Structure formats: C-alpha cells, structure tokens
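Under my numbering, the first residue of the sequence shown is numbered 10, with each subsequent residue one higher. Just so it is clear, CB atoms sit at the ideal spot from N, CA and C, and this is done for glycine as well. Remember, predicted model here, so these are calculated numbers, not experimental data. Notes follow the structure.
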Amino acid sequence: MKKTNIVFIFSDQHRKSSMGFWGGEEYRDGILGASDPVVTPNLDKLAEEGIVVSGAYSSYPVCSPFRAMLFTGRYPEHNGVWANCAPGRKDELFGDISTFTDVLSDSGYSVGYVGKWHLECPRPDFDAEGNYIADDPAYKGERFFPDGSPDSNTACWDTLIPRGRQRKIDYLYAYNTWDIFRAKEDMPHQRRPHYWDKDQNRITAPEGVWSPDFETDMAIRFLQNENGERDSDKPFALFVSYNPPHSPYSSREDTDYAAYDTHYSSEIVPDAKELLKRGNVTLDNEKFLEQTRVYFSHVTGIDRCVGRLLESVGAADPENTIVIFTADHGEMLGSHGLMSKNVPYEEATAIPFIIRYPGILEHRCEPLFLTGADIMPTVLSLMNIQSPDGVEGTDYSTLLKTGEGERPQTALFTQIKRKGVRSEKYLLTLTFGTPENYTDAEVFDLVNDPYQLHPMTPDQIPAEDLEFLRRELGRHLKLSDDPWYKKHLYSDFILYP
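If you want it as structure tokens, here you go:
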C-alpha cells in the first residue's frame with residue numbers, strides 16, 4: 010500500500026479571522042464576530058477542497074509552547090516547554106521524546122523542514138566573528154551568541170539547531186528563533202534572511218528578498234527534487250514554517266510589496282479603520298493603523314506563498330498528499346487595546362486549521378475543538394502511522410473521515426499563572442494569586458458577547474453551566490498533568506477528578 014505524503018504549512022501569529030473565506034455563507038457560523046477583509050484566494054481554494062476545522066484552538070497562544078505540543082502530542086509538563094525558548098531559560102524540547110519528524114523518519118519518510126524552528130534554547134556557541142566553535146575541544150575562551158555579545162539574556166535568539174537535536178530531519182533550512190543578522194538599520198530583518206542547514210552551514214538568501222519567498226523556494230526544491238534534495242524512493246513529509254504574519258509591522262519594507270500596494274496601501278484603502286471589522290478594537294493611532302496594513306499584507310503574502318506550494322504539490326503527487334495549513338496562535342491587532350498574543354481572548358487563541366486529503370476527507374466546516382496536542386496523533390493516524398508512547402493528545406482521525414464520533418465539549422487554555430476552559434458558549438479563566446485564593450475568576454458569554462467585552466463573575470451564569478466548566482477544567486488539568494492538578498490548587502473551585 011502506497012504511503013501518503015504530507016505538506017504541513019504553518020505561519021506564526023496568523024489569527025483565524027484573517028482568511029477571506031469566512032465571509033462566505035457556508036462558513037459564517039464557524040467564527041465569533043466579524044472576519045477580517047483580507048485577500049486569501051489560495052487559502053480559500055484550499056478550504057473549498059478540504060475540511061475547515063472551525064474549532065481549532067491554541068491552548069497556549071505563544072510560539073514555543075504551541076509548537077512543542079504540535080511536535081510531540083504532549084502538554085508542557087511532559088514536553089519541557091512552558092515558555093518561549095529564549096536565552097537564559099531552560100524551556101526547550103526534552104531530548105528523549107519522539108517528535109513528529111522522528112516518527113515520520115522512522116516510518117520511512119524523507120523529511121524536510123524549512124523556516125522557523127523555535128524549539129531550542131539559544132546557546133552561546135559562536136565566537137565574536139560568528140564562527141561556530143562548540144565542536145572545537147581546544148576552544149577555552151569566552152563563548153558568544155551569534156551577534157557577538159557575551160552570554161546574556163539580551164543576546165540574540167538566533168542559533169542553529171545543534172547536532173543531535175535535529176529531530177531526524179533530512180533536508181533542513183531553518184533558524185531557531187530570531188535572525189539578528191537580518192536586523193540592520195538599512196534592511197528590515199524580514200529582508201535579510203539566513204538559515205542553517207543540516208551540516209550547520211550558514212545559508213544567506215539574496216539581500217532584499219522577503220523571507221517567506223525564499224523559504225517557499227527552498228521548500229519547492231524539496232518537492233521538485235531535481236538535485237536529490239530527498240530520497241525519491243521514499244514518501245515525503247515537508248514542514249514549512251513562516252515567521253509572518255508575526256511582527257515586525259513597522260512599514261511596507263517589512264512585508265510583501267505587491268500585497269501591500271495592491272490591497273492595503275493608503276491609495277487603495279485611504280482610511281485604514283475600514284480594515285478593522287472586529288467590534289472590540291480600541292487602538293486608534295497612526296502607528297497602529299499602519300501596522301494593520303502591514304499585518305494584512307503579511308497574510309496576503311503568505312497566501313501567495315501557499316499558492317506556490319500547492320502548485321508544486323500538484324506537480325508532485327497531489328492525489329496522495331495531505332496538505333495542512335495552520336498557525337501557532339493569533340494576533341490581537343488592537344482588540345481590547347492589545348497587540349500580540351498570550352491572552353485568552355478569541356483573537357489570540359482561535360487559529361486556522363485546514364486539511365485537504367483527496368478521496369479521504371470530504372469538504373465541510375467542522376466545529377471540532379482541535380488543540381496543538383491533538384494534531385500529531387490525528388494526522389499520524391490519517392497516515393496509518395501509530396503514535397509513539399507518551400502522546401497525550403486525542404486522535405480525531407475517524408471523526409474527520411466520517412463526521413461521526415464524540416467531539417470534545419471544551420478546550421484547555423493554559424499558561425503558567427492562568428488556566429481556563431473554553432466551551433461553545435463560555436470562556437472561564439482563573440489567574441494565579443496565592444495557593445489559597447485565586448485573584449481573578451472571569452467568565453465570558455461567547456454567544457451573547459462574542460467580542461468578550463463584558464466579563465462576568467462565575468455566579469452570574471447558571472449553576473449547572475458553571476459546574477460543567479469547573480469539572481471540565483479539572484479534567485483537562487489532570488489529563489495534562491498540570492502543576493495545578495499535582496498540587497490541587499484552588500480545589501474549592503476547580504472540580505478535579
């Protein structure tokens with residue numbers, strides 16, 4: 010039986026509402042509030058050909074924690090990543106657990122990975138000239154990060170993926186987190202990309218190229234395989250990880266020029282406020298309005314790159330290739346006066362998830378609550394590959410294939426100091442105070458208050474609804490072996506199993 014290929018595309022900080030198809034009648038019940046007026050013809054077409062999972066949810070809306078759940082099927086307590094991987098922290102993937110790429114490689118796949126990784130702690134493995142020195146046993150001097158600064162929390166986040174931690178990736182063009190060499194005064198960092206290959210060679214893209222364009226070129230090389238980029242006797246698995254629509258959003262120089270000029274510039278949209286359809290946006294200054302133009306230009310630029318990848322898949326093996334598009338979290342973009350993520354609001358936690366598998370999955374909008382830990386076991390099962398021991402996420406492959414089966418009624422929201430649970434109707438969150446008392450228990454009625462403008466106390470919702478949320482939160486915390494569960498924190502409120 011021929012094995013199924015996979016192309017897994019994910020962008021960074023791409024919120025669910027920033028896809029054009031949500032404006033269509035078929036999809037309107039799948040989104041809370043208004044969608045963004047973005048131009049995404051390729052994602053729209055992918056949605057028409059596959060399943061749109063309208064309940065996809067970022068349980069921890071920050072880059073590294075979500076990616077760790079995605080690549081291991083485990084929650085933070087068991088994958089090692091409770092915060093963004095950064096200098097001076099200990100958060101990075103445990104070395105002794107199998108990742109998505111490990112499993113695929115062990116199952117006979119030729120595995121490629123292009124773009125942002127963000128699952129390692131940056132290490133001071135370079136000298137002041139940027140030469141890699143960690144493998145040199147004779148080196149006894151001070152160790153440096155790639156920007157030349159000594160061992161410091163303020164040093165850059167960009168390092169290669171060390172040998173022994175490349176997770177069985179055959180074709181590798183990646184940077185760990187943040188590319189300091191791109192951040193020059195005369196060139197925005199999105200236009201000075203460099204990468205590290207499997208042999209730890211530094212590859213620099215042509216100056217001025219937008220990083221997703223170069224990454225798409227490298228991904229297409231893997232798919233076309235004209236120079237032996239992959240083993241043609243094996244099925245292929247390709248992961249493409251784009252940094253945009255993540256910040257920076259400062260100017261047109263940061264983004265896709267054509268997208269900006271054609272759809273979002275002041276000549277096309279004189280008043281940027283017209284782009285802001287979400288009913289909870291409170292920012293209203295010129296800097297923010299320009300950031301809105303750039304963010305949506307990022308989205309349309311990524312859509313163009315997705316189109317190029319889909320065209321290449323079409324030339325490779327389209328009928329036997331799963332294509333997935335998702336993101337690690339969203340972007341507030343002025344909602345509640347906030348930018349970025351790491352909050353429980355819908356703009357930060359609701360993410361895209363589209364999956365196309367010709368002949369196996371029939372098109373529909375699926376309201377399944379699908380979180381990061383569920384993706385790996387679900388996709389592996391669709392590929393007839395068994396998940397490794399220790400996976401904590403749930404396999405929803407049968408539900409995706411048949412439309413039948415038990416759907417989860419809630420999704421977990423988890424941070425170190427804030428926990429919550431989101432149902433179809435409510436969002437409940439608790440914020441850590443003292444071990445005896447939580448400082449804030451907040452509820453939003455998502456049906457009557459889709460923009461989460463009117464927080465309520467728990468006693469303001471029906472008692473049976475509150476009990477359900479309390480039990481679901483306890484269940485999720487036990488399932489994820491959360492530190493709150495281990496200590497039974499707030500057991501006067503959380504109903505632990």
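Item                                                                                                                                                                               : Value
Thinking C-beta only, is F422 closer than 8 Å to V430?                                                                                                                             : yes
Below 8 Å CB to CB, which residues in the same chain sit around D468 once its five sequence neighbours on both sides are set aside?                                                : L475
Distance, Cα to Cα, L486 vs T403?                                                                                                                                                  : 15 Å
Are D45 and S26 touching if we call contact CB-CB under 8 Å?                                                                                                                       : yes
With hydrogens ignored, establish whether the beta-carbon of A325 is closer than 7 Å to any heavy atom of the ligand SAM.                                                          : Of ligands this structure carries none, so the ligand SAM is not represented either.
To the nearest angstrom, report how far apart T264 and T301 are at their CA atoms.                                                                                                 : 12 Å
Within its chain, find whatever has a CB closer than 8 Å to the CB of E86; leave out the 5 residues flanking it on each side and keep chain order.                                 : S489, D490, D491 and P492
Under a three-way DSSP split, which group does G121 fall into?                                                                                                                     : strand
Tell me which residues share the same chain as N51 and place their Cβ nearer than 8 Å to its Cβ, disregarding the 5 neighbours each side in the sequence.                          : D312, R313, V315, G316 and L319
So does the segment 67-78 actually touch the segment 111-131, counting three or more Cβ pairs closer than 8 Å?                                                                     : yes
When you compare only the Cα positions, how much space is there between P506 and P376?                                                                                             : 26 Å
Under a three-way DSSP split, which group does G429 fall into?                                                                                                                     : strand
Look at the Cβ atom of Y180, then the Cβ atom of G237, and state whether they are nearer than 8 Å.                                                                                 : no
Can you name the start and end residues of the alpha helix (DSSP H) that Y251 belongs to?                                                                                          : No alpha helix (DSSP H) contains Y251, which is instead part of the beta strand (DSSP E) from F245 to Y251.
Going by the DSSP bridge assignment, what does L462 pair with across the sheet?                                                                                                    : According to DSSP, which records beta bridges pairwise, L462 is partnered with nothing at all.
Would you mind sorting S107 into buried or exposed? The rule is 16 or more other CB atoms within 10 Å of its CB.                                                                   : buried
Find out if the Cβ-Cβ distance for the pair Q22, P254 is shorter than 8 Å.                                                                                                         : yes
For P397, which residues in the same chain have their Cβ closer than 7 Å to its Cβ, ignoring the five residues on either side in sequence?                                         : S107 and V112
Any idea what DSSP makes of D490, helix, strand or coil?                                                                                                                           : coil
In chain order, what residues of the same chain have a beta carbon less than 6 Å from the beta carbon of L298, not counting five sequence neighbours either side?                  : A281
Below 8 Å between beta carbons: does that hold for V332 and V47?                                                                                                                   : no
Could you name the residues of the same chain whose beta carbon sits closer than 6 Å to that of G150, not counting the 5 residues immediately before and after it, in chain order? : A caution first: G150 carries a pLDDT of 47, below 50, which makes its placement in the model unreliable, though a value can still be read off. Cβ within range, chain order: n/a, list empty.
Just verifying my parser: in three-state terms, what is the DSSP assignment at H203?                                                                                               : strand
Kindly identify the DSSP beta-bridge partner or partners of R172.                                                                                                                  : None; R172 has no bridge partner.
Tell me, to the nearest whole angstrom, how far the beta carbon of Y251 is from that of P221; I am working on the premise that it is less than 8 Å.                                : 5 Å
Who pairs with I229 in a beta bridge, going by DSSP?                                                                                                                               : According to DSSP, I229 bridges with nothing at all.
With burial defined as no fewer than 16 other Cβ atoms inside 10 Å of the residue's Cβ, what is the status of S500: buried or exposed?                                             : exposed
Kindly indicate which residue of P327, E433 and P367 has the alpha-carbon position closest to the one of L379.                                                                     : E433
Run the CB neighbour count on V71, radius 10 Å, all protein chains shown included, and call it buried at 16 or more, exposed below.                                                : buried
Is A65 near I470, with beta carbons less than 8 Å apart?                                                                                                                           : no
Count the other C-beta atoms from every protein chain shown that fall within 10 angstroms of the C-beta of N393, then say buried if there are 16 or more, exposed otherwise.       : exposed
Report the three-state DSSP secondary structure of T163 (helix, strand or coil).                                                                                                   : The pLDDT assigned to T163 is 43, lower than 50, so where the model puts this residue is not dependable, and the model offers no usable value.
Where do the ends of the beta strand (DSSP E) carrying E375 lie?                                                                                                                   : R373 to T380
Apart from the five residues just before and just after E58, which ones in its own chain have a Cβ nearer than 7 Å to its Cβ?                                                      : R365 and H372
Which word fits M28, buried or exposed, when buried means at least 16 other C-beta atoms lie within 10 angstroms of its C-beta?                                                    : buried
Check the C-beta distance from V218 over to R239 and give it rounded, since I have them as a contact under 8 Å.                                                                    : About 23 Å; that fails the 8 Å criterion.
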